[in-house]
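Data block below; observations after.
Protein chains: 2
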Amino acid sequence: MAGPDTKTTILDAAEALFAEQGYDAASLRELTRRAGVNLAAVNYHFGGKEKLAMAVLARTIAPINAERARRLEALPVRATTADVVRAFVEPAFPTNANCTAGHIAPARDFCRMFGRLMVDQPPFLRLFLAEQFRDLGLRFEARLRQSLPRHDAATVWWRMHFLAGAMAHTLHSADGLAHLTAGLCDATDVDAVVEQLVAFAAAGISAPPLPAAKKRRAAAPATERRARSRR
Amino acid sequence: MAGPDTKTTILDAAEALFAEQGYDAASLRELTRRAGVNLAAVNYHFGGKEKLAMAVLARTIAPINAERARRLEALPVRATTADVVRAFVEPAFPTNANCTAGHIAPARDFCRMFGRLMVDQPPFLRLFLAEQFRDLGLRFEARLRQSLPRHDAATVWWRMHFLAGAMAHTLHSADGLAHLTAGLCDATDVDAVVEQLVAFAAAGISAPPLPAAKKRRAAAPATERRARSRR
DNA sequence: GTCTATAGGGGGATAGAC
DNA sequence: GTCTATCCCCCTATAGAC
Numbered sequence: 035m036a037g038p039d040t041k042t043t044i045l046d047a048a049e050a051l052f053a054e055q056g057y058d059a060a061s062l063r064e065l066t067r068r069a070g071v072n073l074a075a076v077n078y079h080f081g082g083k084e085k086l087a088m089a090v091l092a093r094t095i096a097p098i099n100a101e102r103a104r105r106l107e108a109l110p111v112r113a114t115t116a117d118v119v120r121a122f123v124e125p126a127f128p129t130n131a132n133c134t135a136g137h138i139a140p141a142r143d144f145c146r147m148f149g150r151l152m153v154d155q156p157p158f159l160r161l162f163l164a165e166q167f168r169d170l171g172l173r174f175e176a177r178l179r180q181s182l183p184r185h186d187a188a189t190v191w192w193r194m195h196f197l198a199g200a201m202a203h204t205l206h207s208a209d210g211l212a213h214l215t216a217g218l219c220d221a222t223d224v225d226a227v228v229e230q231l232v233a234f235a236a237a238g239i240s241a242p243p244l245p246a247a248k249k250r251r252a253a254a255p256a257t258e259r260r261a262r263s264r265r
Numbered sequence: 035m036a037g038p039d040t041k042t043t044i045l046d047a048a049e050a051l052f053a054e055q056g057y058d059a060a061s062l063r064e065l066t067r068r069a070g071v072n073l074a075a076v077n078y079h080f081g082g083k084e085k086l087a088m089a090v091l092a093r094t095i096a097p098i099n100a101e102r103a104r105r106l107e108a109l110p111v112r113a114t115t116a117d118v119v120r121a122f123v124e125p126a127f128p129t130n131a132n133c134t135a136g137h138i139a140p141a142r143d144f145c146r147m148f149g150r151l152m153v154d155q156p157p158f159l160r161l162f163l164a165e166q167f168r169d170l171g172l173r174f175e176a177r178l179r180q181s182l183p184r185h186d187a188a189t190v191w192w193r194m195h196f197l198a199g200a201m202a203h204t205l206h207s208a209d210g211l212a213h214l215t216a217g218l219c220d221a222t223d224v225d226a227v228v229e230q231l232v233a234f235a236a237a238g239i240s241a242p243p244l245p246a247a248k249k250r251r252a253a254a255p256a257t258e259r260r261a262r263s264r265r
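Sequence order for the protein chains is C and L.
Mind the numbering: the first sequence is residues 35 to 265 in the numbering used here, read in order.
Mind the numbering: the second sequence is residues 35 to 265 in the numbering used here, read in order.
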């Protein structure tokens, strides 16, 4: 009998089902059927569907954020932007190193679940995730600005936002890209994906800040574009 | 009576409701209640909830993709990466120019709807969106590689994928960032947001391709790695 | 702790009158 | 084209036996 306890069994099944279908479309009936536990067990152990979703997320987020904080602390004073980005991105992916180091369970489906629920928008999930990330976000913003002294805060926040979107999309549907490109892009090589994302985001965040947008006029004279901009 | 026909009324209400709640959570009952039309009208005019969602998306995507194709054609031979990125990004946002040019109706809520349904994952939506984007994706990939002759195809596809994630996240929840930063980032200045996204993505896509990753050291002392940076 | 049974409330779709 | 009424499905949550 390979038997983790009921609570863990439910968490594992919820992770897989939320990954596939998102919060709203996933039903407790299918979940408990797959897990081989009774329907009522979810309410007994977690107190409802919403609390189950938060428990699933917390189980994944807590060790990831702890690792992010640890790496952030460990960065040298003059760390590059790429170092800071890596400290944020790498702990969220099941790389070989993360799996052997143990702070991520390799077999689980947390990856797609995480990316999926990050963009799912039931109000309680928005609030829960915002709360989980607020402190860490502030610390990363500060670190990024250390490495990019000429960047203003708003620019750094916008670019962190872009990174979050790229990361969520990659966590959740990298296999979609593999399919679209007929295997040219290999989503199973997690280490390579992380390297790509870090390189992309570090370069994007490091891009020169926009000229204060007062009379912004985009750079190159393409055939015809940008009649003007206001403000 | 300022009266668009029933079909348009339903499309507008669906756009708003899908934007708020996503496909699964939105119900036809609430939708028809808000629109002030009868519940049965949805099935009469569209043939079901799935077909309604595709109609809502098609109404938004068709003019956006037409504009993208037009701008892509109009690019000079030696267009920069930023030009190509801009041709992809700008038509999807309700900038002042797009609204006055008329290919986007400014008052509508297509922005959040589009970003929301782009990451929603009912199978029929995945297929529908993939079909809508395949051709255009191929043309953008070709153009990007023209501007970046040293980039291999897989690298360009990965970075287009990151751009898609950043764009979807921005379309759907830019206001979340405005809230998180207490107004420091202004999501209502669409032109500025587009400039930020173009600058970020152009720099990210232009980053040097990774060294072939043959013997990338995936392992390293797991406890304390990455003391240094590569460049 | 675990199960069965059921309460109680949606949901999408459709038939048929108007 | 539009409306009412209804079918039949599935959902979450809970009460109460074991």
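For each residue, glycine too, the CB sits at the ideal point set by N, CA and C.
Predicted model, so just to flag it, every value in this text is computed and none were measured.
8 Å is my cut-off, CB to CB: does residue i come that close to chain C?
{"i": "L/T204", "result": "yes"}
{"i": "L/A230", "result": "Residue identity differs from the one stated: residue 230 of chain L is Gln in this sequence, not Ala. Cβ-Cβ to chain C under 8 Å: yes for L/Q230."}
{"i": "L/L214", "result": "yes"}
{"i": "L/C219", "result": "yes"}
{"i": "L/Q155", "result": "yes"}
{"i": "L/D143", "result": "no"}
{"i": "L/L244", "result": "yes"}
{"i": "L/A187", "result": "yes"}
{"i": "L/F52", "result": "no"}
{"i": "L/F122", "result": "no"}
{"i": "L/G56", "result": "yes"}
{"i": "L/A164", "result": "yes"}
{"i": "L/Y78", "result": "no"}
{"i": "L/A237", "result": "yes"}
{"i": "L/G199", "result": "yes"}
{"i": "L/A254", "result": "Reliability fails at L/A254, whose pLDDT of 42 lies under 50, so the model's placement of it is uncertain and the value that follows must be treated cautiously. Interface residue, yes."}
So for residue i, helix, strand or coil by DSSP?
{"i": "L/P243", "result": "coil"}
{"i": "C/L91", "result": "helix"}
{"i": "L/A219", "result": "What sits at residue 219 of chain L in the sequence shown is Cys, not Ala. DSSP places L/C219 in coil when its eight states are reduced to three."}
{"i": "C/I138", "result": "coil"}
{"i": "C/P97", "result": "helix"}
{"i": "C/V123", "result": "helix"}
{"i": "C/A200", "result": "helix"}
{"i": "L/N72", "result": "coil"}
{"i": "C/D154", "result": "coil"}
{"i": "L/H185", "result": "coil"}
{"i": "C/T129", "result": "coil"}
{"i": "L/R173", "result": "helix"}
{"i": "L/V111", "result": "coil"}
{"i": "L/G81", "result": "coil"}
{"i": "L/D209", "result": "helix"}
{"i": "C/D117", "result": "helix"}
{"i": "L/D39", "result": "coil"}
Please state whether the Cβ-Cβ distance between residue i and residue j is less than 8 Å.
{"i": "C/V90", "j": "C/L163", "result": "no"}
{"i": "L/A233", "j": "L/A221", "result": "no"}
{"i": "C/L170", "j": "C/R102", "result": "yes"}
{"i": "L/E177", "j": "L/L106", "result": "The residue asked about is misnamed: residue 177 of chain L is Arg in this sequence, not Glu. Yes, they are a contact pair."}
{"i": "C/A237", "j": "L/A241", "result": "yes"}
{"i": "L/F158", "j": "L/E84", "result": "yes"}
{"i": "L/R68", "j": "L/A47", "result": "yes"}
{"i": "C/A226", "j": "C/A200", "result": "no"}
{"i": "L/T129", "j": "L/V228", "result": "yes"}
{"i": "C/A187", "j": "C/E175", "result": "yes"}
{"i": "C/A60", "j": "C/L51", "result": "yes"}
Is there at least one Cβ from chain L nearer than 8 Å to residue i's Cβ?
{"i": "C/H195", "result": "yes"}
{"i": "C/D14", "result": "It is not possible to answer for residue 14 of chain C, since the shown part of chain C is limited to 35 through 265."}
{"i": "C/G82", "result": "no"}
{"i": "C/D39", "result": "no"}
{"i": "C/S61", "result": "no"}
{"i": "C/F158", "result": "no"}
{"i": "C/S240", "result": "yes"}
{"i": "C/A96", "result": "no"}
{"i": "C/A233", "result": "yes"}
So does residue i have its beta carbon nearer than 7 Å to some heavy atom of the ligand SAM?
{"i": "C/T215", "result": "No copy of the ligand SAM occurs in the structure displayed, which carries no ligand at all."}
Could you tell me whether the stretch 97-107 of chain L touches the stretch 117-131 of chain L, where touching means 3 or more Cβ pairs closer than 8 Å?
yes
I'd like to know if the stretch 131-138 of chain L and the stretch 72-81 of chain L are in contact, where contact means that at least 3 CB-CB pairs between them fall below 8 Å.
no
Is the stretch 186-201 of chain C close to the stretch 141-148 of chain L, with three or more CB pairs under 8 Å?
no
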